[in-house]
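Student:
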Amino acid sequence: MIKVAINGYGTIGKRVADAVVAQKDMKVIGVSKTRPNAEAFVAKQRGYPLYIADISKKAAFEKAGLEVAGSVEEMCRAADVIVDATPGDVGATNKPLYEKIGVKAIWQGGEEHELAGFSFNSSCNYKDAIGRKFVRVVSCNTTGLCRIINEIDREFGVAHVHAVMVRRGSDPGEIKKGPIDAIVLDPVSVPSHHGPDVLSVLPHISITTMAMIVPTTMMHMHAIRITTKKAVNRDGVIGLINNHPRLGLIKKTAGIRSTAELKEFAMDLGRPRSDLYENCIFEDSIYAKENELCFFQAIHQEADVVVENVDAIRAMMNAEKDGDRSIATTNAALNFKTIQNNH
Ligand code: NAD
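Under this note's numbering, the first residue of the sequence shown carries the number 128, and numbering increases by one thereafter.
#1: So residue 204 and residue 238 are in contact, right, with Cβ under 8 Å, and what is the actual spacing, rounded?
#2: Does DSSP classify residue 332 as helix, strand or coil?
#3: Can you round the beta-carbon distance between residue 154 and residue 136 to whole angstroms, since I take them to be within the 8 Å contact cut?
#4: Less than 6 Å between the CB of residue 208 and some heavy atom of the ligand NAD, yes or no?
#5: Hey, residue 390 and residue 401 are a contact pair by Cβ (cut 8 Å); roughly how many whole angstroms apart?
#6: At a cut-off of 6 Å, is residue 513 close to the ligand NAD when judged by its beta-carbon and the heavy atoms of the ligand?
#7: Once you ignore the five residues that flank residue 460 on each side, which residues in its own chain have a CB closer than 7 Å to its CB?
#8: Does at least one heavy atom of the ligand NAD sit under 6 Å from the Cβ of residue 198?
#9: May I ask you to list the residues that DSSP assigns as paired with residue 287?
#10: Opposite residue 435 in the DSSP bridges: which residues?
#11: Kindly confirm or deny that the segment 332–340 and the segment 305–323 touch, where touching means at least three C-beta pairs closer than 8 Å.
#12: Run the proximity test for residue 293: is its beta-carbon closer than 6 Å to any non-hydrogen atom belonging to the ligand NAD?
#13: Do you know how far the Cα of residue 349 is from the Cα of residue 378?
#14: Measure from the alpha carbon of residue 268 to the alpha carbon of each residue in 235, 173, 225 and 279, then state which is nearest.
#15: Would you mind reading off the limits of the beta strand (DSSP E) that contains residue 419?
#16: Helix, strand or coil for residue 474? Go by DSSP, reduced to three states.
#17: Do residue 431 and residue 270 have their C-beta atoms closer together than 7 Å?
#18: Under the assumption that residue 129 contacts residue 144 (Cβ atoms under 8 Å), give the Cβ distance between them as a whole number of angstroms.
#19: Does the distance from the C-beta atom of residue 327 to that of residue 240 stay below 7 Å?
#20: Distance check for residue 413 and residue 354, CA to CA, integer angstroms please.
#21: What's the call for residue 230, buried or exposed, on a 16-neighbour Cβ count within 10 Å?
#22: Specify, as a first and last residue, the run of the beta strand (DSSP E) that residue 446 falls within.
#23: So residue 249 and residue 453 are in contact, right, with Cβ under 8 Å, and what is the actual spacing, rounded?
#24: Which complete alpha helix (DSSP H) runs does the segment 190–259 hold, if anything under 4 residues is left out?
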C-alpha cells in the first residue's frame with residue numbers, strides 16, 4: 128500500500144484524497160489544513176487524520192471539535208509521497224521540508240515547472256515519471272490541452288496549435304475572486320502562459336495561446352484550431368476521442384451547448400461533486416477540412432487534474448510501469464467512464 132499525504136486539503140486536495148482512497152494500491156495517511164473550517168469537518172467525516180501546518184493553532188481546531196493528529200512535518204514523515212495541493216506559490220515554500228525528510232512530492236499547476244523539474248500528464252509522459260522524486264501535475268487547462276494535442280499529433284501530426292481559453296473567474300466555493308461584470312484579458316499580451324506550459328510536457332509542439340477570464344465558476348471553454356501535417360478527417364478525430372480514456376465527446380443528441388447544461392448533466396448522472404475528469408469535446412463543433420481542425424472543449428478545472436495526480440503517484444512509486452494500465456486502474460476504481468458512454 129502506498130502511503131499518501133495530502134498537504135493542502137482544498138479544492139484539489141479533497142478530491143485527490145477521495146480518488147486515492149478509491150484505489151486498491153494506495154491509502155491516505157493524513158490531510159492538512161491551516162484553519163478549522165467546513166473542509167476540515169469533511170476530512171473528519173471521511174475519517175482522514177487531520178494535520179496542521181501551524182501546530183500553535185491546535186487548540187483552535189480542538190475547540191471546534193476537530194482532533195489534530197500532529198504537525199505537517201509529522202504527516203510528511205509518515206508518508207511515501209506527498210500531494211502538495213496548497214495554493215499556488217505556497218507549494219514552493221514546502222520544498223525544503225520535503226527535501227529535509229527525503230520524501231517524494233507532487234506539486235500542482237500553480238507552481239513553476241522548475242520547482243519539480245518535471246511536468247506530468249498521464250497520457251503524454253507517464254513513463255518519464257517512473258521513480259521520480261519530484262513531479263508537477265500541470266494545470267487544468269494545460270492538462271486538457273496536452274491530452275487532445277498529443278492524440279492529434281500521434282495520428283495526424285501537429286504543425287501548429289492556436290487555442291483561445293475562456294476561463295472561469297473563480298471556483299464555485301471561492302467568494303473572494305471575480306470578475307463580476309467584465310471580460311478580463313488575462314493577459315492582454317499574446318501568448319498566455321498556457322502555450323509555454325504545454326511545452327513543459329510536449330516540447331516539440333508549436334502552439335500559440337490567448338486567454339480571457341469571464342464571470343462564471345463552472346468550467347473553462349477552449350476554442351482550438353490545429354493545423355495538421357497530414358490531412359485530417361472528422362471521423363478519425365471522433366474515433367481518437369472515443370478510444371481515449373480521458374477524452375469525452377458531447378454528442379449532438381444530448382442537446383448540450385453550454386457549461387451550465389454540462390454540469391447539470393454531470394450532477395444528474397450522479398458524478399461525485401458533479402466532477403468531469405475528462406475533456407468535454409463538443410462533437411458538433413468538430414470541423415475538419417484538409418489540414419485544418421477546429422473544435423470547442425470544456426474543461427472542469429476542479430476535476431481533470433485529480434486523476435492525473437493518482438497516476439503520478441503510481442509512476443513515482445514505481446507501482447505500475449505502463450501508463451495506459453495506470454489510467455485504466457485509476458478510472459475503474461472511480462467507476463469513471465467518459466461521458467459519451469452515458470448518452
Ligand atoms: P485551495 O485554496 O482551494 O486549497 C488550498 C488548501 O491549502 C486550502 O485548504 C488551504 O487551507 C491550504 N493551505 C494553505 N496554505 C497552506 C500551508 N502553508 N500548508 C498546508 N496547507 C495550506 O486551492 P486549490 O484551488 O485546490 O489549488 C491548489 C493547487 O492546485 C494550486 O497550485 C492551483 O494552481 C492548482 N490547481 C487548481 C485548480 C482549480 O481550479 N482550483 C485546478 C488545477 C490546478
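By construction, the Cβ of each residue, glycine as well, lies at the ideal position given by its N, Cα and C atoms.
In this text, all values refer to a predicted model and were calculated from it rather than measured experimentally.
Tutor: On the basis of the coordinates in this document:
#1: 22 Å between Cβ atoms; not a contact.
#2: If DSSP states are grouped into helix, strand and coil, residue 332 belongs with coil.
#3: Their Cβ separation, rounded to whole angstroms, is 16 Å, which puts residue 154 and residue 136 out of contact at 8 Å.
#4: no
#5: 6 Å
#6: Because residue 513 is not part of the residues shown, which for the chain are 128 to 470, the question remains open.
#7: 149, 150 and 151
#8: Residue 198 has its CB no nearer than 6 Å to any heavy atom of the ligand NAD.
#9: 354
#10: Note: residue 435 sits in no beta bridge, so no partner.
#11: The answer is yes - the segment 305–323 touches the segment 332–340, with three or more Cβ pairs under 8 Å.
#12: no
#13: 17 Å
#14: When only C-alpha atoms are compared, the closest one is 235.
#15: Annotation: the continuous beta strand (DSSP E) that includes residue 419 extends over 419–426.
#16: This structure cannot settle anything about residue 474, because the visible part of the chain is limited to 128 through 470.
#17: yes
#18: At roughly 14 Å, the Cβ-Cβ gap does not stay under 8 Å, so residue 129 and residue 144 are not in contact.
#19: Taking 7 Å as the Cβ cut-off, residue 327 and residue 240 qualify as a contacting pair.
#20: Cα-Cα distance, rounded: 13 Å.
#21: buried
#22: Segment: none, residue 446 is in no beta strand (DSSP E) and carries neither H nor E.
#23: That belief holds up - the Cβ atoms of residue 249 and residue 453 are roughly 7 Å apart, short of 8 Å.
#24: 199–204, 217–220, 222–228, 240–243 and 249–252
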